[in-house]
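**Student:**
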Amino acid sequence: MNVFNRLKSNSNASSKPRVPSPTEEFGPVTHQPKLTPTTDFTPCVAAPLSEEQIAKVAQLKEYMESIMLPETDNYYKSERGFITDSTVKRYMRARKWDYEQAKTMLENTVRWRRGYRPDELDPEYIKPEVETGKMYYNGFDKCGRPVWIMRPRLQNSKDGERQIKHIVYCLERGIRLMPAMVENLAIIVDFKDSSAAHNPSVSTCKKFLDILGNHYPERLGVAFVVKSPWFFLTTFKIISPFMDPVTKNKIKFVIDGKEDKDTKNLSNEMVRLEDYIDPEQLECDFGGRFNFEFELEAYWSALLEKTGNPYKIIDYN
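In terms of numbering that gives the first Met the number 0, the sequence shown opens at residue 0 and continues consecutively.
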């Protein structure tokens, strides 16, 4: 009887449909991130400038060049690469085309960059922050924006200063991943399995927002929040008054397509990732078809090869 039951049990088990693993369905797991965009993206191009706006851009650029470091300074080439037409336009847009406000903002950034040297941060100093894969680039969205993935549950550091420098380092590296005509990033913040203990402090969040808003204006294209827990919503309510309204409106909460297939009439804040990122560019964890698993050395080597080791001087998009 026992033998019969075991045979019957085995027969039933073998008759059940087998669920393929992600490796089988989407191919072998890879540790190589996608750091090169496809050729079929559609960049989000800003509206053409009016004659008045063109004149303001020229005026601000002329002023910035008048205060630029001398060519003999070892940071001159970096500063020369930063002060481009694209940079000036971003600062003008960020200050609603108010010349004096944009001038003050851009001048403050240039002076901050001279002291902070954000584009020259030492990769070896930053690398310990990267070990767990809490923050990395992988893939591009339909607008050609590099996808910056953040997983708070993998937080591995309590060094607030290095955490901020890691964020700045990532911003600079993301800029170097941008193809022509693309000037901002897409961010995915994955709160799966996160707890309040993993949540960055309010002071760290405010410092990040200060640097992003004041020194990297118009660099955030869109931010997707996945599986947002209560503590994130609490923090969001605390820091939202410090956020620029335009930046705040770029934060979208992701609906899990598998659970809400029939949901219609989505609000502006609720979106589906597949509407923004092609499945081949999106990791399986987020409903895509890219079977990627983070591995430090493979990622770090690929990033430095693409964006400079220890750094790369560029003309900013």
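Every residue, glycine too, gets a C-beta built ideally from N, C-alpha and C. Quick caveat, the model's predicted, so the values are computed rather than measured.
Under the rule that 16 or more other beta-carbon atoms within 10 Å means buried, what is Phe291, buried or exposed?
**Tutor:** Phe291 comes out buried.
**Student:** Which residues bound the alpha helix (DSSP H) around Gly220?
**Tutor:** Run containing Gly220: none in the alpha helix (DSSP H); it sits in the beta strand (DSSP E), 219 to 225.
**Student:** Which residues does DSSP pair with Ala185 in a beta bridge?
**Tutor:** Answer is Val146, Val221, bridged to Ala185.
**Student:** Buried or exposed: Asn73, going by 16 or more other Cβ atoms within 10 Å of its Cβ?
**Tutor:** Exposed, by the Cβ-count rule.
**Student:** Compare the beta carbon distance of Gly159 and Leu184 with 7 Å and say whether it is the shorter of the two.
**Tutor:** Result no, Cβ atoms of Gly159 and Leu184 do not sit closer than 7 Å.
**Student:** Indicate whether Tyr315 and Thr83 have their beta-carbon atoms separated by less than 7 Å.
**Tutor:** Contact flag set, yes.
**Student:** With a cut-off of 8 Å, do at least 3 Cβ pairs link the segment 169 to 176 to the segment 294 to 312?
**Tutor:** In short, these stretches touch, since the Cβ pair count reaches three.
**Student:** Give the secondary structure of Lys251 by DSSP, where H, G and I count as helix, E and B as strand, and everything else as coil.
**Tutor:** Correct three-state label for Lys251: strand.
**Student:** Within 10 angstroms of its Cβ, does Ser202 collect 16 or more other Cβ (buried), or is it exposed?
**Tutor:** Exposed, since its Cβ has fewer than 16 Cβ neighbours within 10 Å.
**Student:** Determine the burial state of Ile186: buried for a count of at least 16 other Cβ atoms within 10 Å of its Cβ, exposed for fewer.
**Tutor:** Per the 10 Å Cβ criterion, buried.
**Student:** Helix, strand or coil for Tyr75, going by three-state DSSP, please let me know.
**Tutor:** Looking at Tyr75 - three-state DSSP - the assignment turns out to be helix.
**Student:** Which residues in the same chain have their Cβ closer than 6 Å to the Cβ of Ser266, if we skip the five residues on either side of it in sequence?
**Tutor:** No answer about Ser266 holds up, because its pLDDT of 40 lies below 50 and its placement is not dependable.
**Student:** In the DSSP output, what is Met269 paired with across the bridge?
**Tutor:** Beta-bridge pairing links Met269 to Phe252.
**Student:** For a quick check, are the C-beta atoms of Gly143 and Pro32 less than 7 Å apart?
**Tutor:** Not a contact, by the Cβ cut-off of 7 Å.
**Student:** For the segment 270 to 314, which segments carrying the beta strand (DSSP E) assignment without a break, of at least 3 residues, lie completely within its bounds, in sequence order?
**Tutor:** Counting only runs of 3 or more, we get nothing.
**Student:** For Glu217 and Met91, I'd like the C-alpha separation in whole angstroms.
**Tutor:** Cα to Cα, Glu217 sits roughly 10 Å from Met91.
**Student:** In chain order, which continuous runs of the alpha helix (DSSP H) of length 4 or greater are located wholly inside the segment 103 to 169?
**Tutor:** Segments of the alpha helix (DSSP H) lying fully in the segment 103 to 169: 122 to 129.
**Student:** Take the Cβ of Met149 as the centre, count every other Cβ of all protein chains shown within 10 Å, and call the residue buried at 16 or more, exposed below.
**Tutor:** Under this definition Met149 is a buried residue.
**Student:** Starting from Asp84 and walking both ways along the alpha helix (DSSP H), at which residues does that stretch end?
**Tutor:** Per DSSP, Asp84 belongs to the alpha helix (DSSP H) from 84 to 93.
**Student:** So if DSSP puts Thr29 in a beta bridge, which residue, or which two residues, is it bridged to?
**Tutor:** In DSSP, Thr29 forms a bridge with Phe291.
**Student:** Quick check on the burial criterion: 16 or more other C-beta atoms within 10 angstroms. Buried or exposed for Tyr215?
**Tutor:** The residue in question, Tyr215, is buried, as its Cβ has 16 or more Cβ neighbours within 10 Å.
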